[in-house]
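Numbering-wise, the sequence shown is residues 40 to 358 according to the numbering used here.
Note that beta-carbon positions come from the ideal geometry of N, C-alpha and C, so glycine has one too.
To start, the structure itself, in structure tokens.
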Amino acid sequence: MAFFIDIVISGILQSAPLALATFAIVLIFRTSFTTNFAQGMVGTVAAFVVTYLLMPSPDLTGLLPTPTFFQYLIAILAGVVVSFFISMLIDVLIFRNSKFISPVGKQIVTMGVVLIITGLLPIVFGILDRSLPRIGSNLSREGVGAFFYFFVDLFAKINIRVGLHTMISFFLSASLLTILFVMLRFTKWGLGVRATASNEKVASMMGVNTKFITAMSWAIAGGLGAIAAILISSSKNTFGNVTTYFMISIQVQAFFSAILGGFSTFYGPVIGAVIFAVLNNLFGVYFNPWGTTVLYLTIMAIVLVKPLGLFGKKIAKKV
Numbered sequence: 040m041a042f043f044i045d046i047v048i049s050g051i052l053q054s055a056p057l058a059l060a061t062f063a064i065v066l067i068f069r070t071s072f073t074t075n076f077a078q079g080m081v082g083t084v085a086a087f088v089v090t091y092l093l094m095p096s097p098d099l100t101g102l103l104p105t106p107t108f109f110q111y112l113i114a115i116l117a118g119v120v121v122s123f124f125i126s127m128l129i130d131v132l133i134f135r136n137s138k139f140i141s142p143v144g145k146q147i148v149t150m151g152v153v154l155i156i157t158g159l160l161p162i163v164f165g166i167l168d169r170s171l172p173r174i175g176s177n178l179s180r181e182g183v184g185a186f187f188y189f190f191v192d193l194f195a196k197i198n199i200r201v202g203l204h205t206m207i208s209f210f211l212s213a214s215l216l217t218i219l220f221v222m223l224r225f226t227k228w229g230l231g232v233r234a235t236a237s238n239e240k241v242a243s244m245m246g247v248n249t250k251f252i253t254a255m256s257w258a259i260a261g262g263l264g265a266i267a268a269i270l271i272s273s274s275k276n277t278f279g280n281v282t283t284y285f286m287i288s289i290q291v292q293a294f295f296s297a298i299l300g301g302f303s304t305f306y307g308p309v310i311g312a313v314i315f316a317v318l319n320n321l322f323g324v325y326f327n328p329w330g331t332t333v334l335y336l337t338i339m340a341i342v343l344v345k346p347l348g349l350f351g352k353k354i355a356k357k358v
């Protein structure tokens, strides 16, 4: 039983970056009425930016860079800003001029963006894979580190091993999601997002600047994808952990999480991401080596019973 609880708690803590990626996909879907297949590649750009700032020339010795926590933080902020503006430009320069294209057409456009970014990454950053160390690898037990080490030690007392990077990822992701849900509920931007998601034309006629709302939603989604990519790549703590295609599997998992939770709400996909991560851990242990197959079959069975997802709601058309 203790082993089972250990797996479940580990899954919950590890689900945090996936929840960010899932929320980013749903935020774009609710405001632009399409799925963004380029979400993972935009996050990949941020990871490459961070590696470039920490180590401009790839180290062929196989050693990870050893930045201070402050240097790492500055590099992460730079990567997030880059992805923030790339994602915003995708909406402003491409989707704003293709407003009346069908949802499938918009999805094809995002696939084109994937091809563009895939081609540009080796030109800008070189053909060699890059590396990111774990966040907090040089963090001491004093100051900011004391907070995270407190929870690491707390779990250790109940025989649950949780790494410092996992704890930082969890609290960072949980804080960001909490802020976003508060913004969705209590700010003018959040009201605009909910109005646009309900009916874009009516929202526009009621004075909501839907262009601004959509652009900011894309930008925020880009920033969330960037943080998710950085947290996920650095968690591996191995040389060459940042590659051109490392976010593909994460994006697939994020889509499955959104489908599991339901695209019609903002909270559903986040809960879906937590459930996905926990089941992935459980099935990976108890159904090895068929854990992933069993997981996807389970999600398929759930969707057959609840086509709108576990927390999905049927959207009534209002005229």
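For residue i and residue j, which I take to be in contact (beta-carbon distance under 8 Å), what is that distance rounded to the nearest angstrom?
{"i": "residue 129", "j": "residue 153", "result": "That belief does not hold up - the Cβ atoms of residue 129 and residue 153 are roughly 11 Å apart, past 8 Å."}
{"i": "residue 283", "j": "residue 157", "result": "6 Å"}
{"i": "residue 175", "j": "residue 132", "result": "Not confirmed; about 37 Å, so no contact."}
From residue i to residue j, what distance separates their C-alpha atoms?
{"i": "residue 260", "j": "residue 271", "result": "16 Å"}
{"i": "residue 173", "j": "residue 110", "result": "13 Å"}
{"i": "residue 147", "j": "residue 178", "result": "43 Å"}
{"i": "residue 84", "j": "residue 77", "result": "11 Å"}
{"i": "residue 46", "j": "residue 324", "result": "9 Å"}
{"i": "residue 344", "j": "residue 43", "result": "27 Å"}
{"i": "residue 182", "j": "residue 108", "result": "12 Å"}
{"i": "residue 197", "j": "residue 330", "result": "27 Å"}
{"i": "residue 322", "j": "residue 291", "result": "18 Å"}
{"i": "residue 226", "j": "residue 247", "result": "13 Å"}
{"i": "residue 281", "j": "residue 124", "result": "21 Å"}
How about residue i and residue j: are their beta carbons less than 8 Å apart?
{"i": "residue 266", "j": "residue 298", "result": "no"}
{"i": "residue 294", "j": "residue 64", "result": "yes"}
{"i": "residue 121", "j": "residue 88", "result": "yes"}
{"i": "residue 268", "j": "residue 126", "result": "no"}
{"i": "residue 316", "j": "residue 50", "result": "yes"}
{"i": "residue 336", "j": "residue 319", "result": "no"}
{"i": "residue 62", "j": "residue 263", "result": "yes"}
{"i": "residue 311", "j": "residue 288", "result": "no"}
Helix, strand or coil for residue i? Go by DSSP, reduced to three states.
{"i": "residue 247", "result": "coil"}
{"i": "residue 281", "result": "strand"}
{"i": "residue 180", "result": "coil"}
{"i": "residue 69", "result": "helix"}
{"i": "residue 169", "result": "strand"}
{"i": "residue 228", "result": "helix"}
Are any of the Cβ atoms in chain D nearer than 8 Å to that of residue i?
{"i": "residue 192", "result": "Looking for chain D here will not work: only one protein chain is present."}
What do you reckon, is the C-beta of residue i under 7 Å from a heavy atom of the ligand GTP?
{"i": "residue 308", "result": "Here there are no bound small molecules, and the ligand GTP is not part of this structure."}
Inset, instruction - Would you check if there are 3 or more beta carbon pairs closer than 8 Å linking the segment 109-124 to the segment 229-246? - result: Under the three-pair Cβ rule at 8 Å, the segment 109-124 does not count as touching the segment 229-246.
Inset, instruction - Answer yes if the segment 197-215 comes into contact with the segment 52-61, meaning at least three C-beta pairs across the two stretches below 8 Å, and no otherwise. - result: Under the three-pair Cβ rule at 8 Å, the segment 52-61 counts as touching the segment 197-215.
Inset, instruction - Tell me, please, whether the segment 303-310 touches the segment 187-200 by the rule of three or more beta-carbon pairs shorter than 8 Å. - result: At 8 Å Cβ cutoff, the stretches do not touch.
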